[in-house]
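Numbering-wise (the numbering used here), the first sequence opens with residue 61 and increments by one. What follows is one structure encoded as structure tokens, with my remarks underneath.
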Amino acid sequence: MLDIKFIIENKDLVKEGLAKKGYTAENIDIDALVNLHLDINKLKTSTQNKLEEKNRLSNSIKSASPEERPQIIAQSKSLGEEIKTSQEELAKLQEQFDNVMWRMPNLPSEQSPVAEDEEGNVVIKKVGEPTKFNFTPLDHIELMEKNNWSELERITKVSGARTYAIKNELSRLELAMHMLVLDKLASHGFTTITVPSLSKEKPLYGMGYLPFAQDEVYYMPSDDTYLSGTAELVLNSLHADEILSENDLPVLYAGFSPCFRREAGAAGKDTRGLVRVHQFLKTEQFVICKNDINESEYWHKKLLQISEEVLQDLELPYQVLEICTGDMGAPKYRQYDLEAWTPSQNCYRETHSCSNITEWQARRTNLRYRDNKDGKVRFAHTLNNTGIATPRILVPFIENHQQEDFSVRIPEKLQPYMGGKKFIGKNVK
RNA sequence: GGAGCGUUGGCAGAGUGGUAAUGCAGCGGAUUGCUAAUCCGUCAUCCUGAAUAGGGAUGCAUAGGUUCGAGUCCUAUACGCUCCGCCA
């Protein structure tokens with residue numbers, strides 16, 4: 061959510077920012093919004109003047125003589141009717157205004173490349189080389205079959221399309237990766253927190269999942285409850301409506317949770333295997349910091365660095381993308397994605413997404429802190445990044461580390477979490 | 001699922017239907033100077049205003065209702081605590 065005062069003072073900048081994100085005046089009409097705001101203020105002022113008069117009348121009743129009272133009461137009553145009418149009108153206008161405000165995306169950074177869609181994303185860094193094999197490599201599904209690591213077909217009979225069951229060492233590997241990342245985040249000062257996958261509606265608006273991605277989210281009408289697509293949802297609202305002390309900042313969370321996504325817009329894409337599933341496990345990095353762009357950009361880089369370390373620990377070749385304005389989600393100010401080399405598809409595939417949201421979410425959740433310098437209350441900045449998401453990352457992992465005998469090499473950093481094993485797989489003793 | 005009690009500022013905590021006490025913390029100011037104390041103001045949202053001057057409205061979990069007037073009375077909902085039931 062943006063600040064209406066900022067919008068009024070920076071109309072052109074706002075229009076330009078919206079345009080970069082692919083919005084036109086037909087989607088969001090800034091001039092109309094500002095006019096609506098001015099109308100609301102006018103009506104507010106006149107309504108408040110009436111309220112002031114009514115308060116005066118009410119307070120005078122106590123000291124009024126018994127003869128005067130009936131007249132004052134009648135006067136106050138009729139003024140009350142007028143006020144009610146004004147307030148109903150005001151509520152109507154306010155709802156129109158809020159509707160636009162809740163649909164307004166964040167403005168992108170000046171640094172973000174300007175383009176319409178993902179074609180405009182810019183590779184800013186490559187680490188490692190695409191893996192070369194001196195045998196014919198298998199894809200992750202074949203590898204899982206060779207090693208008795210999955211139940212992909214049986215499980216769809218039970219749980220439907222885009223679900224997975226993995227077993228034996230692969231199942232343990234999935235959990236080992238989360239432990240590796242949780243330990244890494246703890247060493248960077250993050251608080252480990254396992255959070256519910258259930259959420260009420262309000263947090264979805266707070267994060268920006270609603271109203272922007274309604275089709276993506278599971279809803280359970282019998283309980284008026286949603287299934288969370290990311291721990292970010294819950295962490296972003298955990299401190300909603302609070303005024304933190306600046307001394308509490310930054311708040312660093314390593315949030316672990318099962319995540320659920322309908323993948324409604326992805327029909328036909330990545331239908332087989334572990335790349336795109338309805339339910340997965342994610343360790344999420346989440347930061348609440350001061351309202352200072354240098355501070356949040358520092359944390360943005362820091363989160364990116366941590367997830368790069370994760371891919372380096374897993375010894376996966378990867379690239380870093382700076383996401384362009386048109387491919388960024390509505391909440392985002394600036395975004396990097398990490399993509400790991402995926403041999404079977406001969407390309408890099410997304411494993412991490414790292415975003416600076418600035419104050420856009422904090423305004424929606426009313427998350428603030430008291431500034432030490434002047435004692436003023438300010439909206440915090442929030443940031444998020446994948447720590448690790450499984451099973452998707454298992455795809456590049458087992459494909460890149462596969463051996464000719466179908467076993468899979470375990471990188472050194474991960475070995476302590478896998479009982480010291482250097483390889484896993486059927487033929488490994 | 002059932003019953004009872006509760007929800008007041010950043011925190012703690014008063015509050016007979018008639019302008020939200022008080023303490024602590026924070027911020028601003030004044031004053032005195034020995035590691036700080038004392039006093040005053042401020043402390044959330046919004047409108048008005050050139051204003052970081054002043055004035056005003058709102059805010060006691062949320063949404064309604066009763067009333068000239070609601071933190072206080074009524075209804076519903078959410079959440080919390082205690083107990084009963086069920087349970088990994």
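Where a beta carbon is used, it is the ideal one built from N, C-alpha and C, also for glycine. Remember, it's a predicted structure, so these values are computed and weren't measured experimentally.
Nearest candidate by alpha-carbon position, reference residue i, set the options
i	options	result
V255	S356, K114, L341 and W209	L341
N445	L376, A291 and N426	A291
I353	L258, K206, P471 and Y393	Y393
V294	G249, F346 and E128	F346
L398	C414, V468, L167 and T450	C414
D434	E306, S356 and R232	E306
L78	Q147, A175 and E382	A175
H97	V455, K260, L298 and I64	I64
F483	A326, E229 and Y286	E229
V370	L474, E141, I184 and R322	L474
Y51	Y265, I303, E261 and P310	This structure cannot settle anything about residue 51, because the visible part of the chain is limited to 61 through 489.
Y83	D177, T107 and A134	D177
L258	T252, D284, G188 and W401	D284
L309	N181, L443 and P263	L443
W162	M61, E472 and S120	M61
D431	Q339, R409 and K350	K350
T490	K186, D330 and S106	In the structure displayed, the chain extends from 61 to 489; residue 490 sits before or after that span and is not available.
I201	E472, G479, P471 and F457	F457
N95	S125, I448, F157 and I470	F157
G325	V337, A314 and G315	V337
Y269	E86, G389, I90 and S404	G389
I143	I121, E112 and M164	E112
Buried versus exposed call for residue i [16 or more other C-beta atoms within 10 Å across all chains shown]
i	result
D387	buried
K81	buried
S271	For clarity, residue 271 is Pro in the given sequence; the question names Ser instead. Classification of P271: exposed, given that the 10 Å Cβ count is below 16.
C407	exposed
E419	buried
N332	Contrary to the premise, residue 332 reads as Arg rather than Asn in this sequence. Exposed.
N109	exposed
Q274	exposed
S123	exposed
L298	buried
F250	buried
S356	buried
S317	buried
I303	exposed
E459	buried
S210	buried
S288	buried
T411	buried
V74	buried
V183	exposed
S467	buried
Q135	exposed
P190	exposed
G485	buried
K244	buried
E400	A quick correction: the sequence has Ala, not Glu, at residue 400. Answer is buried; the Cβ neighbour count reaches 16.
A449	buried
Residue interval of the beta strand (DSSP E) (run including residue i)
i	result
Y286	T285 to L287
V74	Not the beta strand (DSSP E): V74 falls in the alpha helix (DSSP H), residues K71 to K80.
L304	I303 to S305
E292	It is not in any beta strand (DSSP E) - E292 instead sits in the alpha helix (DSSP H) that spans A291 to L298.
V183	V182 to V187
L397	A quick correction: the sequence has Asp, not Leu, at residue 397. Counting along the chain, the beta strand (DSSP E) containing D397 begins and ends at R394 to T402.
Y278	Y278 to M280
T84	Taken as a continuous stretch (DSSP letters only), T84 belongs to no beta strand (DSSP E), as it is neither H nor E.
I253	T251 to T254
Residue range of the alpha helix (DSSP H) that includes residue i
i	result
L264	E261 to M267
Do the region 194-214 and the region 420-431 make contact, defined as three or more Cβ pairs closer than 8 Å? Verdict: no, contact absent.
Output the residue ranges of the beta strand (DSSP E) runs that lie fully inside the region 411-464 and measure 3 residues or longer, sorted by chain position. Counting only runs of 3 or more, we get 428-430, 437-439 and 441-450.
Do the region 235-244 and the region 436-444 make contact, defined as three or more Cβ pairs closer than 8 Å? Segments in contact, no.
Does the region 269-283 come into contact with the region 211-231, if we say contact requires no fewer than three beta-carbon pairs (one atom in each stretch) closer than 8 Å? At 8 Å Cβ cutoff, the stretches do not touch.
Are three or more beta carbon pairs between the region 123-135 and the region 151-162 nearer than 8 Å? With the cut-off at 8 Å, the region 123-135 and the region 151-162 do not touch.
Which ranges would you report for the alpha helix (DSSP H) in the region 314-391 if only whole runs of at least 4 residues count? For the region 314-391, the continuous alpha helix (DSSP H) assignments of 4+ residues that do not extend past its boundaries occur at 353-373, in sequence order.
Could you tell me which uninterrupted alpha helix (DSSP H) segments, each at least 4 residues in length, are contained entirely in the region 197-243, listed from first to last along the chain? Here the runs fully enclosed are 200-207 and 212-219.
Segments assigned alpha helix (DSSP H), at least 4 residues, entirely inside the region 101-170: Runs found: 129-163.
Could you say if the region 164-179 and the region 106-126 meet the contact criterion of at least three C-beta pairs nearer than 8 Å? At 8 Å Cβ cutoff, the stretches do not touch.
Pair every Cβ in the region 360-380 with every Cβ in the region 317-324, then say whether three or more of these pairs are closer than 8 Å. The region 360-380, when compared against the region 317-324, does not touch it at the 8 Å Cβ threshold.
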